[in-house]
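**Q**
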Amino acid sequence: MHCGVQNVRLPYEMLQGYLREGGIDGACLFAPVEDIYDRYDYHFQDNLAWVNCRQSANQYLLDLQQSRTDVFAYYFVWNNFKKEELRKGYKGVKWHRHEDEPVYHYDDPLCEAFLQAVYDLQLPILLEESFENTRYLIGRIKGRTPVIIPHLGMLNGGFEALFRSGVWDDETIFADTALAS
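Numbering (my numbering), first residue to last: 74 to 254.
1) If you follow the alpha helix (DSSP H) that L235 is in, where does it begin and where does it stop?
2) Quick test of the definition: if touching needs 3 or more C-beta pairs under 8 Å, does the stretch 84-93 touch the stretch 108-122?
3) Looking only at its own chain, which residues have a Cβ that is under 6 Å from the Cβ of G226, when we skip the five neighbours before and after it?
4) May I ask which residues mark the beginning and end of the beta strand (DSSP E) holding Y148?
5) What did DSSP end up calling H224 once you bin it into helix, strand or coil?
6) Which value, in whole angstroms, describes the spacing of the CA atoms of D108 and W151?
7) Given this structure, state the Cα-to-Cα distance separating E201 from G77, to the nearest angstrom.
8) Determine, using beta-carbon pairs with one atom in the stretch 121-133 and one in the stretch 179-189, whether at least three such pairs fall under 8 Å.
9) For T207, count neighbouring C-beta atoms within 10 Å of its own C-beta (all shown protein chains included) and say buried if the count is 16 or more, exposed if not.
10) So for G212, helix, strand or coil by DSSP?
11) Assuming contact is defined by CB atoms lying nearer than 8 Å, are K161 and Y147 in contact in what I supplied?
12) Should E158 be labelled buried (16 or more other beta-carbon atoms within 10 Å of its own) or exposed?
13) Looking at R93 and E174, is the spacing between their C-beta atoms short of 8 Å?
14) How many Å lie between C126 and L83 at the Cα?
15) Answer with buried or exposed for K156, where buried requires no fewer than 16 other C-beta atoms within 10 angstroms of its C-beta.
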């Protein structure tokens, strides 16, 4: 669940009411996309302001997790691939982009080092990417850590396309059943 207080107002106090109303005892939380990169600029270039915003967004979730037993903070990764952040106690990794958003630099050596740290810590990856990049990243991960595909794959190319490509045959791939609106 997206949770943050910077560029989008989704404070935990608001979400907590929704969770309680739904009888949900805990939640995996990750920052809103708008706190990680400029999703509306396909040619987005990182800068210090975005680095600081991203750091604050992820830290907000860690602080919540440290003060509560019902919060599981997921580190929202971006192209700086800060593997040292993973040792701070995150319970998973949020990997997110839509087709018209800036792309991850999968060919950057920092990406491989980041993934290796994820494998070492056995952190699940919540993966929301284009169909092609979903298949690419799953092939690269090769079962070394669990992958959760949100929204039944609706934003990863669709459930059926993922099914036909064999993604759901992998026992380390899971579907989140929360549907995208």
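For glycine and all other residues, C-beta sits at the position ideal for the given N, C-alpha and C.
**A** Let me lay it out:
1) F232 to R237
2) no
3) F232 and L235
4) V144 to F149
5) helix
6) 11 Å
7) 18 Å
8) no
9) buried
10) helix
11) no
12) buried
13) no
14) 15 Å
15) buried
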